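Letter by letter, the sequence shown follows residues 19 to 887 in our numbering. See structure below.
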Amino acid sequence: MNIAANPVIEADQTIYLKDYQKPSFLVDTIDLNIQVFDDHTVVSTKLVMQRQTAGDLVLLGRDLELQSITINGKQLAENEYVLDAEQLVISNAPDQATIETIVKIHPESNTQLEGLYQAAGDLFVTQNEPEGFRKITFYPDRPDVLSVFTTRVEADKKFPVLLANGNLIEKGEAGEGRHYATWQDPTKKPAYLFACVIGDLAVLKDSYVTSEGRNVALEIYAEEKDIPKCHIAMEALKHSMRWDEEHYGRPYDLDNYMIVATSAFNMGAMENKGLNIFNTSCVLADEEFTTDAAIMRVQSVIAHEYFHNWTGNRITCRDWFQLCLKEGLTVFRDQSFSEDLQSAAVQRIDDVAVLKAHQFPEDSGPLSHPPRPDHFVEINNFYTATVYEKGAEINRMMATLLGKEKFRAGTDEYFRRHDGQAVTVEDWVAALTAGSGVDLSAFLIWYNQPGTPKLEAQGEYDAAKQTYRLSLKQSLKTHPKYPNLKAVPIPVALALFDAHSGEQLSLNCESLFENGVKDGVYLFDQDAATIEFTDVTSKPVVSLLRNFSAPVNLEFNYSDEELAFLLQHETNGFNQWQATQTLLDRILLNDHPADIYIQAMLNTVPSLIAHDPLLVSRLFDVPTEGYLASRIDADYQPQVIQEKRNALLDTLARAFGAQAKEIYLSLDPKSQADFSQAMGTRALKNIMLTMIARQGDESAFELAEQQFKNTANMSERLGALRVLVWNDAPQAEKALIDFYLRFKDEALSMDQWFMIQAAHPKADAETIAYLTSHPDYDLGVPNRIRAVSGGLNANPVNTWSFGVQHFIDLAKYLDEKNPIVGSRLLQVLSRWYTLAEPQRSEVKAQLEALKPIVKSKNVSETLSSMLSV
Ligand code: BES
Ligand code: ZN
């Protein structure tokens, strides 16, 4: 890799962790007065500041029209401060400085969806993490400056809802048809957690009593027609509140908790103190309009943002390099919450699938970085799978090792030490260590270096001694920016099985870590090590990395037969699934024959259906073309992978033969007692329907048409629509029209309509052009862009042909309009260098041509990293 790929960026704009300095001034209180008008907004701010260390008084500000500034009541002359595009600096400020500013901003034309922006005709919202607050007013906009916020919001009465963080302390008339509300947030917080909302929204109300007896008013704000779709989120919120009390001893700390839904949002959701703002896709949930997967997602995002109240808000990050401190921990917490909602094994399967599909490729390519990076140009580019998902895995490894009780003692200590503070990853690991009594400091290595470790294992059975020896080796690919890669601590959860009876054996081995859990866990923290199991009376089958106990690439010379054995006998549902995935990897990437896999599926599936349809639906997972591509480092030919995968799917469908239709007809989601089983039944039914169609049996189309017509459930309706559309069935067009007419006013349902068509296996440039020029396509709404682009990218043959221009055009357009989203979409092309020639050079030339055109830090940093291979 060539590190100095973009000298301009490298020299001018890179920010380094090692340069961290404490802020010279703190802010005791901030008073905001936000007056919204049709064509501008006026923000008047009073900051009571106090010197902490020597240095200039620095206020950050971007795109602000400064009207006036005073210090301790005196107007500042123009020569008393220096103002540029990023900041306002006062050099000789007194130790106690009260600064009052008035600025004019333009939320009505803010398309970047950062700071205060008009999300729709009758809604203004904020998004301030990580650096949006500086687009609202001049402020030391960094997470280690915590202050008490009082916010007055004033607007025309056509916006009846005026919200900000904390308690409503006053409201009233403001003349000329205007009104105001004043809110005060009693807890100190960094500016990125500030929020306000001005709009015309309906509300769903409920309440919750905390373990401490505090009565909390709960409110979810959304468009009137969407209020019935807010009940699942409300239940999930109450459930999350209880869960955090029970599992972490953390009750809620304010008298109200509000959630506001908007369709114009760059991300999923945001944890602003007491006033979360959510993408509609992460709050609206209803069987009729959204899929089962979306319903599960809503519950986990609600939990995630709620859990931030302690891990993120009460204890926040010292600087943005520590982002994974709050995100990695909170993702781990929301994953654990979701494991209690549905089958824990399936939740783990889904989480690992995401990790392997996104984080592993990211970590093996040009965008690879440590979970805690040590430099960046644009922090928005570091809300990555590595920070989030690998960050969560590091916490999970420590939790696995400690076991429930000690982990809880560790988190208790973290909250005891750091409540109200802005801290670092070191502080977190030190608190866990102190609280649990187990030294976890070696886990800091995981935070500080990039790359997915390779874990090589070898087993050897000695029949005479009745021992089984397991040798382990770890290694990391060298990285030019991180020359001193070290061995990391890898918890290896494992089990041995009797190869004949399929029984799990008890483990006799001195090296295992005692964590109070019955699984054997070996902490492997050397470059190489060997452990020995005694009293093993016959050659066992070993199952490694149960529950995916560490985010590593395991290489173990399982025979295909042993993997088939695990698929049938492993009691850990995750490793059962992992066995199918390893077999499929070998079939699809290494040309192993498919018969052992097929036979194992035929042996396992039918008996498991009645018992756990959800798990069975996951056992049918066949790695996506995108995932398979990410496993190929050179000479990747999208077409070849597609053909192999299709051939395997055909074989699988043929092998199930008439059973597919029998299973389809026997499954009845309505007869299932709980949501998760019903969801599994629906998923499995859709898989069977796809198989029947794959068998070339046209009765699949009639079944699909019936399913489409007779259901009120979105997962069933979409499953049927997909089969019709993707097979160009005669009924397809009518179904698409029917869907459109039924759901045209339901944005989230329409996203699915766009996605299905964009993901058609035979979609071509014309299909995409039809969708992107459709009157309902909107470049101002990230969800709609993602629906079409995500659908297109479901088919890498398309991504790497006409898709390249599609993504480049989007990056070009969004570079100015919405660089956060532009930068993310461009990353779809980050593995261009793995393509076979001549495609590789062609795509490279297209990316090079984009370089001089893009201006935003977001897109240029991403592009220059992408080209630095
Ligand atoms: N703090 C983030 C939201 C955020 C992301 C703000 C990027 C600024 C930039 C929030 O807690 C979050 O992580 N949201 C995720 C969903 C979550 C369930 C992982 C998101 O928005 O995708
Ligand atoms: Zn988060």
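Think of the CB as a built atom: it goes at the ideal place given N, C-alpha and C, for glycine as much as any other residue. All values reported here derive from a predicted model rather than from experimental measurement.
Non-local C-beta neighbours of TRP328 in its own chain, meaning closer than 6 Å and more than five positions away in sequence, comprise ARG268, ordered along the chain.
With contact defined as three or more Cβ pairs closer than 8 Å, the region 440–449 and the region 482–494 are not in contact. In the three-state DSSP reduction, ILE549 falls in the strand class (E or B).
According to DSSP, residue pairing for GLU643 in a beta bridge does not occur.
In this structure, the beta-carbon distance from ARG735 to PHE726 falls below 9 Å. Here the region 678–690 does not lie against the region 877–887, with fewer than 3 beta-carbon pairs under 8 Å apart. Fewer than three pairs of CB atoms, one per stretch, sit closer than 8 Å, so the region 392–399 makes no contact with the region 291–301. Scanning the region 673–705 from its first residue to its last, no whole alpha helix (DSSP H) run of 4-plus residues comes out. The alpha carbon of ALA513 has as its nearest neighbour, out of GLU188, ASN593, THR600, SER859, the alpha carbon of ASN593. Excluding residues up to 5 positions away in sequence, GLN365 lie with their Cβ nearer than 6 Å to the Cβ of GLU357 in the same chain. With a cutoff of 9 Å on beta-carbon distance, LEU766 and ILE786 are scored as not near each other. Taken in chain order, the complete beta strand (DSSP E) segments of 3 residues or longer contained in the region 143–220 are 164–174, 179–182, 185–193, 196–208, 214–217. Residue range 362–372 is occupied by the alpha helix (DSSP H) that includes ILE367.
Within 10 angstroms of the beta-carbon of VAL741 lie 16 or more other beta-carbons, which makes it buried. Between the ligand BES and the CB of THR59, the shortest heavy atom gap is not smaller than 8 Å. DSSP lists MET67 as the bridge partner or partners of VAL45. Cα atoms of ALA547 and ALA475: separation of roughly 10 Å, rounded to the nearest angstrom. Note on geometry: alpha-carbon atoms of LEU832 and LEU35 lie some 29 Å from one another.
Between GLN105 and LEU78, the C-beta gap is smaller than 9 Å, which places the two residues in contact.
In this structure VAL166 does not touch GLY217 by the C-beta definition: roughly 25 Å separates them, more than the 8 Å allowed.
Residues of the same chain with a CB within less than 6 Å of the CB of ASN128, apart from the 5 flanking positions on each side, are TYR135 in chain order. DSSP, reduced to helix, strand and coil, places HIS518 outside both helices and strands of the structure shown, so it counts as coil. The straight-line gap separating the alpha-carbon atoms of THR852 and VAL658 is approximately 14 Å. In the assembly as shown, VAL846 is a buried residue. Its beta-carbon has 16 or more other beta-carbons within 10 Å. With three or more CB-CB distances shorter than 8 Å, the region 614–623 counts as touching the region 632–639. Counted as a single uninterrupted DSSP element, the stretch harbouring THR600 is not any beta strand (DSSP E) but the alpha helix (DSSP H) occupying residues 591–608. Less than 9 Å separates the beta-carbon of GLU579 from that of ILE614. The straight-line gap separating the alpha-carbon atoms of PHE638 and THR334 is approximately 41 Å. In the DSSP secondary-structure assignment, LYS472 is bridged to SER493, ASN571.
ALA282 has its alpha-carbon roughly 18 Å from the corresponding atom of LYS762. For GLN725, the enclosing alpha helix (DSSP H) has its first and last residue at 717–728. The closest CA to that of HIS778, considering only ALA173, ALA750, TYR795, is found on ALA750.
GLN31 has no beta-bridge partner at all, per DSSP. With fewer than 16 other Cβ atoms inside 10 Å of its own Cβ, SER109 counts as exposed.
Burial check for ILE803: the Cβ neighbour count within 10 Å reaches 16 or more, so the residue is buried. The Cβ neighbour count for LEU881, taken over all protein chains shown within 10 Å, is at least 16; the residue is labelled buried.
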